[in-house]
Amino acid sequence: MKKQLAVFASGTGTNFDAIARACAEGVLDAEVAVMVCDKPGAAVIGKAERYGVDTFVFSPKSYACKADYEAEIVKVLDAKKIDLVCLAGYMRIVGETLLGAYEGRIINIHPSLLPSFKGAHAVEDAVAYGVKVYGITIHWVNADLDGGKIIAQRAFPYEGSDPAEVHRLGQPIEHELYVETIKKLIQK
Ligand code: GAR
3 MKKQLAVFAS
13 GTGTNFDAIA
23 RACAEGVLDA
33 EVAVMVCDKP
43 GAAVIGKAER
53 YGVDTFVFSP
63 KSYACKADYE
73 AEIVKVLDAK
83 KIDLVCLAGY
93 MRIVGETLLG
103 AYEGRIINIH
113 PSLLPSFKGA
123 HAVEDAVAYG
133 VKVYGITIHW
143 VNADLDGGKI
153 IAQRAFPYEG
163 SDPAEVHRLG
173 QPIEHELYVE
183 TIKKLIQK
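Numbering (the numbering used here), first residue to last: 3 to 190.
Now the structure itself:
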């Protein structure tokens with residue numbers, strides 16, 4: 003039985019695309035069973051449709067609180083018998099409802115060498131700091147924002163001061179590292 007993945011994303015979805023493609027091409031012995039998105043209208047939704055991946059798209063403001071929409075997400079994940087949740091540009095803090103049900107099965111990709119530059123503006127913060135070696139981290143998700151145990155990291159040099167260029171250099175590294183890391187985790 004192929005491992006069942008859930009990918010969570012809020013935006014463009016290039017990491018979703020890399021994971022879904024690796025599944026479709028048999029690079030990963032896994033299937034993206036659902037793509038969860040908190041931004042109706044995000045580009046990642048069209049990507050999921052192109053791969054025939056089911057989606058759960060929700061608008062947080064139509065729920066009274068985080069626990070309410072996370073309870074809905076947990077129902078979807080349970081119904082799909084999800085083995086691993088991959089946060090891929092999901093720009094929302096995971097709360098205790100989702101963690102309570104899936105902690106130990108949730109990983110995140112972050113565009114810095116953690117524990118440096120946590121949070122939503124990691125690349126911009128690193129550029130402002132004058133960083134010369136950038137990187138990507140994949141880590142377990144726990145209640146500590148971007149603070150869970152590190153699973154994989156990859157560094158790259160950049161001496162300039164353009165955040166867009168850091169994102170451009172980091173993207174192919176993210177895609178490769180995410181697929182490699184998922185592969186190792188699901189083989190265990
Ligand atoms: C990625 O660069 C990922 O590292 C970042 O969002 C981007 C999503 O890109 N995640 C964070 O900043 C999490 N704090 P994508 O939508 O093209 O996959």
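Each residue gets a CB set at the ideal place from its N, CA and C atoms; glycine is no exception.
Practice problem: Report the rounded CA-to-CA distance for LEU89 versus ILE111, giving the unit in angstroms. | Solution: 7 Å
Quiz item: With a Cβ-Cβ cutoff of 8 Å, do PHE18 and ALA24 count as a contact?
Solution: no
Exercise. Out of GLU178, ALA35, HIS123, MET93, point me to the one whose CA is closest to VAL87's CA.
Key: ALA35
Quiz prompt | the region 134-150 in contact with the region 107-121 per 3-pair CB rule at 8 Å | solution = Segment contact: the region 134-150 against the region 107-121, three or more CB-CB distances shorter than 8 Å; contact assigned.
Quiz item: Rounded to a whole number of angstroms, what is the C-alpha to C-alpha distance between GLN155 and VAL78?
Solution: 30 Å
Quiz item: Whose C-beta lies closer than 7 Å to the C-beta of VAL46 among residues of the same chain, with five residues either side of it excluded?
Solution: ALA11, GLY13, THR14, GLY15, PHE18, MET37, CYS39
Quiz item: Cβ atoms of LEU116 and ILE152: under 8 Å apart, would you say?
Solution: yes
Practice problem: Indicate whether TYR180 and ALA20 have their beta-carbon atoms separated by less than 8 Å. | Solution: yes
Quiz item: Relative to ligand 1, is the shortest distance from any of its heavy atoms to the C-beta of VAL46 smaller than 7 Å?
Solution: yes
Exercise. Have a look at LYS68, GLU176, GLU105 and flag the residue whose alpha-carbon is nearest the alpha-carbon of ASN144.
Key: GLU105
Practice problem: State the DSSP-derived secondary structure class of GLY102, mapped to helix, strand or coil. | Solution: helix
Practice problem: Given a cut-off of 8 Å, decide if LYS4 and ALA26 are closer than it, judged by their beta-carbon atoms. | Solution: Not closer than 8 Å, so no.
Self-check item: Boundaries of the alpha helix (DSSP H) in which PHE58 is found, first to last residue
Solution: Taken as a continuous stretch (DSSP letters only), PHE58 belongs to no alpha helix (DSSP H), being part of the beta strand (DSSP E) at 57-59.
Practice problem: Verify whether the separation of the beta carbon atoms of PRO62 and TYR53 is less than 8 Å. | Solution: no
Practice problem: Tell me whether VAL9 is buried or exposed, calling it buried when 16 or more other Cβ atoms sit within 10 Å of its Cβ. | Solution: buried
Self-check item: Beta-carbon spacing of VAL55, ALA22 below 8 Å
Solution: yes
Quiz prompt | Opposing strand residues paired with ASN110 [DSSP bridges] | solution = ASN110 is bridged by DSSP to LEU89, HIS141.
Quiz item: So, helix, strand or coil for ARG156, using DSSP?
Solution: strand
Quiz item: If we call anything under 8 Å between Cβ atoms a contact, is MET93 one with ALA122?
Solution: yes
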